[in-house]
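Residue numbers (the numbering used here), protein chains in the order written: chain A, 474 to 1079; chain B, 443 to 783; chain C, 4 to 115.
Read through the structure below, which is laid out as structure tokens, and then see the notes.
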């Protein structure tokens, strides 16, 4: 008995609007992809990657397994809403098909099924009814958890949640209202017709005894429809745009499309994929330092709302912890870099004045890097190591050093950096060297990603040392102290080198394992990515990191970056050594022991 | 039985002991090393008039023989228990001493110049600290580590002081005048050598310090360059190359030198580290103890019966240390006599 | 003999009462640590660009403070942004940000 056939209109309007908006939006995104990216995408459909994309869409988009693994309660909350609602829609449609035995029905029929079908008496109707009620219950539990999270986030193990803008709060409220309103409407139907199940029927009983159902029956369905309609209209302008966008992002990612150094269509898709879940906030060490407008979620929010992003854009250290934590796997560092490039394009630098260092010929080049000049123990240790190995090495930047260009690139100045890159490349190629060794991971990343050095093997010194130990050219010896290894951001998250430095350290000392290590390692706070971060914030990050290390009571903190070394050393609580220094000490110890053995042998013989 | 304890056998602790013993009070003097005298023993001649440090130490030679003095050498105090009076001190050997009053005269330690890596200490042999230079001055024999007489020596001021990058933002006060003193002494020993002082500011705060500065230029031809050292490197022949900016001209300056003397600042001694989280006594950002106030209670702590003497509260010259110790002794004596102090 | 001053000396003395402090004030607003400089010269001594050319960051900062703005833009093109100056500064001044901000503000004024 259909008494009011009009209440579905808000829902219809919302759905049609959303559908149209998304279609146009996705088409525009596709058109704006580069020629090669379009080709990649077309080719992708013929490959097995399609299945991987579908699998990821289900695993991340619906089930939120990435979140679930790290935080089960939070994962359940997201999963119950996303997967629950998905199943509700699917099951709802299956229910109608089972009832009508055909696909011929308006799509809103399934949404308001309990209104349109007062007497479901097809085979399996009771089962479907129970399943639908159960799914609604799951979703409602998720909504309840979401409300609790807003009030008491500590229960979820989160120290911070996203500060939402007003519009987001409105969209959020409408989303949360959808399901209670559905429950209300279905319960009122159940009050009249008992066409619900364990939940709706029970509530229906209560309603019929305590409330004048006839007065609010139609209203309840209108409200339900309106909340749906409103949510759909609000969706493209709110954080919930991530629902459709994330699927597009997953597919494009599996198609092999990579983020570029400029803000393009793919970057925009990634921006919309951010659900503002706030997980990046807890990963960011700047929060404890009192900085709360720089984190990825806010930075993306500022861009989307066309606000001034300068402070937010340049105040981030680009340590990568948020990128590691992001459950949608957005390339946050690349997005930031792309915008920095755009923002600092008008600024120019000119390096014609750089006089090249005296050209030399060599088999191996050692490029110390700007920072290493201020931690000469590293240079000195490398010299000691090369002497011991009997290698003839050219210290390329001993005098008249030309910066590798990484600090410029971190500030967005890729064009300017290319001048320095060119000068350094000329020097390196003209030397005839086959190997280039770096002791600064920031330089290493630049050389690996932004330099073109055909025929030259670019090695980070810890990797080189690791090789030398494995080849037996460097001794293994226990120096007798307890150490902690700090993964530098540029080496760890930035270059994915975690194990080789550990092997070297383990060859010389007793390494204590940390919980926050490898991809989860802390940042020292001094990263060159932070252009306008106040010194007080940087110092706080350093202090907190050292406080974490100090808990383990090591004899020394080993790091593989001169910037980390200089920054941690100022804290004074733990002596700081570079991996090269540790190795050089081991060599000295070994040589001493050899001398002792020789002396002892001579004594015995004489 | 509670004792009057002085922690630290340097000149501050010795001066307080001397005055307390003079008044007839028995004193327990605790010293972590095997000898008395503390840091003054590192200095051959004292500014501003080159008095030998032995002259100061002479005043205390009779102390160890005093029957009322209980001397505990090789004893380090690890912890003070403030929970009840009299206080209890715990030594690293596990000995507990009941004490009231306690005079903390734990002095200072020298900044570890290896932390200022870019200056090359511990890397290049020609780089030494002012403490090591003083030793050579005492022996009246200044040589580079390779046994040659240096033809050029550069003194670098403000090493480990006024430097946020090593965590010591305070000025260590005495290094400027010490640098000039050592520059003059070096020139006297090596009349043919060129001596340079690289400074940011010259803190000639004492009455006769400015005169010594003028003398350094007048009589000894010491060259002063206003610029902070940034890097040191080494040549094949082991001579050092230093880079600073001659800020008064406004151009970077590069110089070869045979020796580099780092004027290392004073830091709080290890003893104060246990109070880093203010467990009973207050430590300033600089690491030294904070006295009750900066004006008329510089020997008193926040706790009744606990006093400070000497450089445990901050960098001081020998004269200032003894003065401060004398003031603290007065406060302690009043306290012991039950009078208002 | 090359001049080491990139600025034309336009006045015999610095007329402190008629300085153009607009650029300076904006830089200080963006990077307050700029105020802490004691002109020790450590930044210039360690500067990567200073090793190749007459670029002198301490001098530039000081001259900006005395209201001289001419020639700054050209001179600041030489900075490699390597950060060594910021790493040696005893007063913890964020020199890299000072350089970026001077450039940005000059550009803003030009395009305004």
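Note that the Cβ used here is the ideal one computed from N, Cα and C, for glycine as well.
First and last residue of the alpha helix (DSSP H) that includes residue 694 of chain B? The residue you call residue 694 of chain B lines up with position 252 of the second chain. Residue 694 of chain B -> not in any alpha helix (DSSP H); beta strand (DSSP E) instead, spanning 693-699.
Residue 761 of chain A by DSSP, collapsed to three states: which one? Locating residue 761 of chain A in the first chain gives position 288, counting from the first residue. Coil at residue 761 of chain A, not helix or strand.
Would you list, in sequence order, the uninterrupted alpha helix (DSSP H) runs of no fewer than 4 residues that lie entirely inside the segment 987-1065 of chain A? DSSP runs (the alpha helix (DSSP H)) wholly in the segment 987-1065 of chain A: 1008-1023, 1035-1042.
With distances taken between CB atoms, is the gap from residue 605 of chain A to residue 670 of chain A smaller than 8 Å? Here residue 605 of chain A refers to the residue found at position 132 when the first chain is read from its first residue. Here residue 670 of chain A refers to the residue found at position 197 when the first chain is read from its first residue. Contact: yes.
Three-state secondary structure (DSSP) at residue 447 of chain B? In the second chain, residue 447 of chain B corresponds to position 5, counting from 1. Residue 447 of chain B falls in the strand class under three-state DSSP.
Could you tell me the distance, in whole angstroms, from the CA atom of residue 444 of chain B to the CA atom of residue 467 of chain B? Here residue 444 of chain B refers to the residue found at position 2 of the second chain. Here residue 467 of chain B refers to the residue found at position 25 of the second chain. In this model, residue 444 of chain B and residue 467 of chain B are separated by some 13 Å (Cα to Cα).
Using alpha carbons as the reference points, say which of B:697, B:656, B:514, B:771 lies closest to residue 432 of chain B. No answer is possible for residue 432 of chain B: it lies beyond the span of chain B, which begins at 443 and ends at 783.
When the Cβ atoms of the segment 706-720 of chain B are set against those of the segment 676-692 of chain B, are three or more pairs found closer than 8 Å? no
Does the CB of residue 458 of chain B have a neighbour CB from chain A at under 8 Å? Translated into the one-based positions of the second chain, residue 458 of chain B becomes position 16. Answer no: the Cβ-Cβ gap between residue 458 of chain B and chain A never drops below 8 Å.
Looking at chain A, is there any beta carbon in it that lies within less than 8 Å of the beta carbon of residue 601 of chain B? Translated into the one-based positions of the second chain, residue 601 of chain B becomes position 159. Not closer than 8 Å to any Cβ of chain A, the Cβ of residue 601 of chain B fails to qualify, so no.
List, from N- to C-terminal side, the alpha helix (DSSP H) runs of 4 residues or more that fit wholly inside the segment 704-762 of chain A. 715-727, 738-746, 752-756
Would residue 612 of chain B and residue 711 of chain B qualify as a contact pair, given that the criterion is a beta-carbon distance under 8 Å? Position 170 of the second chain, counted from the first residue, corresponds to residue 612 of chain B. Position 269 of the second chain, counted from the first residue, corresponds to residue 711 of chain B. It is not a contact, given that the beta carbons lie outside the stated cut-off.
Could you check where the beta strand (DSSP E) with residue 682 of chain B kicks off and where it finishes? For the purposes of this step, residue 682 of chain B is taken as residue 240 along the second chain, with counting starting at 1. 682-688 is the span of the beta strand (DSSP E), which, as asked, contains residue 682 of chain B.
Leaving out five residues on either side along the sequence, give the residues of the same chain with a beta carbon under 6 Å from the beta carbon of residue 1025 of chain A. Against the first chain, residue 1025 of chain A aligns to sequence position 552. These residues qualify, in order along the chain: 957, 985.
When you compare the segment 751-771 of chain A with the segment 1022-1037 of chain A, are there three or more beta-carbon pairs, one atom per stretch, that lie closer than 8 Å? no
Measure from the alpha carbon of residue 786 of chain A to the alpha carbon of each residue in A:742, A:884, A:484, A:802, then state which is nearest. Residue 786 of chain A sits at position 313 when you count from the first residue of the first chain. When only C-alpha atoms are compared, the closest one is A:884.
Which residues does DSSP list as the beta-bridge partners of residue 984 of chain A? Here residue 984 of chain A is taken as the residue at index 511 of the first chain, counted from 1. DSSP, once it has assigned bridges, lists A:956 as partnering residue 984 of chain A.
Alpha helix (DSSP H) segments (min. 4 residues) lying fully within the segment 877-913 of chain A: 879-883, 887-903
Along the chain, where does the beta strand (DSSP E) that runs through residue 675 of chain B open and close? Along the second chain, one-based indexing puts residue 675 of chain B at 233. For residue 675 of chain B, the enclosing beta strand (DSSP E) begins and ends at 673-676.
Segment limits, beta strand (DSSP E) that includes residue 839 of chain A: Here residue 839 of chain A corresponds to residue number 366 of the first chain, with the count starting at 1. Here the beta strand (DSSP E) through residue 839 of chain A covers 837-840.
Identify every residue that forms a DSSP beta bridge with residue 488 of chain B. Against the second chain, residue 488 of chain B aligns to sequence position 46. For residue 488 of chain B, which the question treats as bridged, DSSP gives the partners B:493.
Using DSSP bridges, identify the partner residues of residue 502 of chain A. Position 29 of the first chain, counted from the first residue, corresponds to residue 502 of chain A. For residue 502 of chain A, which the question treats as bridged, DSSP gives no partner whatsoever.
What does the Cβ neighbour count give for residue 853 of chain A, buried or exposed, with the cut at 16 atoms within 10 Å? As a working mapping, residue 853 of chain A is identified with position 380 in the first chain. Residue 853 of chain A is buried by the Cβ-count criterion.
Where residue 702 of chain A and residue 737 of chain A are concerned, what is the direct C-alpha to C-alpha distance, given to the nearest angstrom? Position 229 of the first chain, counted from the first residue, corresponds to residue 702 of chain A. Position 264 of the first chain, counted from the first residue, corresponds to residue 737 of chain A. Their Cα atoms are separated by approximately 31 Å.
Would you verify that the beta carbon of residue 16 of chain C is, or is not, closer than 8 Å to some beta carbon of chain A? The sequence position of residue 16 of chain C within the third chain is 13, counting from 1. Closer than 8 Å: no.
Should residue 832 of chain A be flagged as near chain B, meaning a C-beta pair shorter than 8 Å? Counting from 1 along the first chain, the entry for residue 832 of chain A is found at position 359. Interface residue (Cβ-Cβ distance to chain B less than 8 Å): residue 832 of chain A is not classified as such.
Applying a beta-carbon distance threshold of less than 7 Å, which residues of chain C neighbour residue 694 of chain B? Here residue 694 of chain B refers to the residue found at position 252 of the second chain. For a Cβ distance threshold of 7 Å, residue set 47, 48, 53 of chain C lies close to residue 694 of chain B, ordered along the chain.
Residue span of the alpha helix (DSSP H) that contains residue 1103 of chain A, given as start and end: Nothing can be reported for residue 1103 of chain A: it is not among the residues displayed for chain A, which extend from 474 to 1079.
With DSSP as the reference, label residue 76 of chain C as helix, strand or coil. As a working mapping, residue 76 of chain C is identified with position 73 in the third chain. The answer is helix: DSSP assigns residue 76 of chain C an H, G or I state.
Is it the case that the segment 535-550 of chain B contacts the segment 747-754 of chain B, given that we only count it when at least three CB pairs across the two stretches are under 8 Å? yes
Per DSSP, residue 867 of chain A forms a beta bridge with which residues? For this step, residue 867 of chain A is matched to residue 394 along the first chain. According to DSSP, which records beta bridges pairwise, residue 867 of chain A is partnered with A:838.
For residue 771 of chain B and residue 524 of chain B, what's the separation of their Cα atoms in angstroms? Mapped onto the second chain, residue 771 of chain B falls at position 329. Mapped onto the second chain, residue 524 of chain B falls at position 82. Taking the straight line from one Cα to the other gives about 22 Å.
Give a yes or no on contact between the segment 839-847 of chain A and the segment 81-92 of chain C, applying the rule of three or more CB pairs nearer than 8 Å. yes
Note down, in chain order, every chain B residue with its Cβ under 7 Å from the Cβ of residue 849 of chain A. Here residue 849 of chain A refers to the residue found at position 376 when the first chain is read from its first residue. Near residue 849 of chain A (Cβ distances below 7 Å), the residues of chain B are 559, 560, 562, 565.
Which residues bound the alpha helix (DSSP H) around residue 786 of chain A? The residue labelled residue 786 of chain A in the question sits at position 313 within the first chain. First-last of the alpha helix (DSSP H) with residue 786 of chain A: 783-787.
In chain order, what residues of the same chain have a beta carbon less than 8 Å from the beta carbon of residue 654 of chain B, not counting five sequence neighbours either side? On the second chain, residue 654 of chain B is found 212 positions in, with the first residue counted as 1. For residue 654 of chain B, where only same-chain residues beyond five positions count, the Cβ hits under 8 Å are 489, 490, 619, 622, 623, 626, 646.
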